[in-house]
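Asks:
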Amino acid sequence: MEILDKFRLQDKVALVTGAGKNLGKVIALALAEAGADVAVTSRTLSEIQETAEEIREKGKKALAIPLDVTDFAQVESVVREIVSEFGRIDILVNNAVVRSYKPLLEMSENEWRGVIDTNLTGAFLCCKAVGPFMVRRGSGRIINISSVAGVQGIVNHTAYCASKGGLVLLTRALALEWAPYNILVNAVAPGTLVTRHTKETLEKRSEGIPLGRPGEFSEIAPLVVYLASDASTYTTGEVIVVDGGLTQSSARRR
107 MEILDKFRLQ
117 DKVALVTGAG
127 KNLGKVIALA
137 LAEAGADVAV
147 TSRTLSEIQE
157 TAEEIREKGK
167 KALAIPLDVT
177 DFAQVESVVR
187 EIVSEFGRID
197 ILVNNAVVRS
207 YKPLLEMSEN
217 EWRGVIDTNL
227 TGAFLCCKAV
237 GPFMVRRGSG
247 RIINISSVAG
257 VQGIVNHTAY
267 CASKGGLVLL
277 TRALALEWAP
287 YNILVNAVAP
297 GTLVTRHTKE
307 TLEKRSEGIP
317 LGRPGEFSEI
327 APLVVYLASD
337 ASTYTTGEVI
347 VVDGGLTQSS
357 ARRR
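Going by my numbering, the letters in the sequence shown line up with residues 107 to 360, in that order.
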C-alpha cells in the first residue's frame, strides 16, 4: 500500500457534531475531501445544510440533521437515521461545544450545566449511541475535540476547563474499554484558533504562543483525518495537543 493511501477514507462514513461552522465545518469538509461520506449535525439546520452542500460539491454523500447532543432520544434517533441512510458509521467526531468564560462565583448552575451537558455529556451520549454499531462491526474511530483548557487550568474558564478535562479522561478510559473491539478513541486539544471573533484581538491572543500566532482550523483538520484513517491503526487513548507550543511555554514559565 502506498503511504498516502493509508490516509484515504474512501467508503467510510463519518458523523461530525457541531459541524455548522468554524472547526467542525472544516473537519467535516476535510473528511469528505479524504473520501468519506459525512453526516453533519448542529442545533442550527441552516448552517449544516450549507456544510452538507459543500460536501456534495466534493463528490461525496452528505446528510444534515439538526441535533441537540444533550438529548439522548434525539441522539439515538439521528444515529439510526444515519445508519439507515449509509449503512454504517465508521468515524465519530465529537465537536459540539458550548463556551462560558466568567468567574465561578458569577456563574449560575444552569450555565455550568449547559457547558458540561454539551461538551462532556453530549460526547458520552454520542459514544453510547454509536458504540453498539462499531462494536458489532469490530472497528471504529472516535475523535473527541478537547482543548488546551482540558490539559491545564485557565482563569475564568472553570466550566469549560472541567468539561474539556473530563473529555480527555473519557477518551483515555473509553480507549481501554473498547480496545478489544478495535475501536480507537483519541482526542485533539487545540490551542487558540482564529475565528471571526478573534481576528480583532489577534495580537493580544498571540501573546505567550511560541509560534507567535493563533492556529487555523486547517491546521487541526488534517490531524483528525489521520486519526480517522488507516494511518493511525496503532494509536488509541492519545490526547494530541496542537497549540503552537503554548502549553510547553506555560510549563516552562512555571
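The beta-carbon is built from N, C-alpha and C at its ideal position, and this holds for glycine as well.
Following the continuous alpha helix (DSSP H) through R219, name the residue where it begins and the one where it ends.
Replies: Stepping through the sequence shown from its first residue, residue 219 is reached at position 113. Where R219 is concerned, the enclosing alpha helix (DSSP H) stretches over 215-222.
Asks: May I ask which residues mark the beginning and end of the alpha helix (DSSP H) holding S148?
Replies: Position 42 of the sequence shown, counting from 1, holds the residue named residue 148. Where S148 is concerned, there is no enclosing alpha helix (DSSP H), although the beta strand (DSSP E) it sits in stretches over 143-148.
Asks: Name the residue from F192, G318, A265 whose alpha carbon lies nearest to the alpha carbon of G350.
Replies: Stepping through the sequence shown from its first residue, residue 350 is reached at position 244. Selected option, being the one with the closest Cα: G318.
Asks: Helix, strand or coil for V257, going by three-state DSSP, please let me know.
Replies: For the purposes of this step, residue 257 is identified with residue 151 of the sequence shown, where counting begins at 1. Coil, per DSSP.
Asks: On a Cα-Cα basis, can you pick out the residue from A295, Y207, R219 that is closest to N250?
Replies: In the sequence shown, counting from the first residue as 1, residue 250 sits at position 144. The shortest C-alpha separation from N250 is found at A295.
Asks: How would you call T335, buried or exposed, if buried means at least 16 neighbouring beta carbons within 10 angstroms?
Replies: Counted from its first residue, the sequence shown places residue 335 at position 229. The sequence given here has Ser at residue 335, not Thr. So S335 counts as buried.
Asks: Identify the continuous alpha helix (DSSP H) that holds G403 and give its terminal residues.
Replies: Because the chain here runs from 107 to 360, residue 403 falls outside it and cannot be looked at.
Asks: For a quick check, are the C-beta atoms of V291 and V345 less than 7 Å apart?
Replies: By one-based count along the sequence shown, residue 291 stands at place 185. By one-based count along the sequence shown, residue 345 stands at place 239. The answer is no: Cβ separation not under 7 Å.
Asks: With a CB to CB cut of under 6 Å and the five nearest residues on each side skipped, what residues in its chain are close to G165?
Replies: Here residue 165 refers to the residue found at position 59 when the sequence shown is read from its first residue. Around G165: no qualifying Cβ.
Asks: If we count the other Cβ atoms within 10 Å of its Cβ and call it buried at 16 or more, is I222 buried or exposed?
Replies: For the purposes of this step, residue 222 is taken as the residue at position 116 of the sequence shown. It counts as buried.
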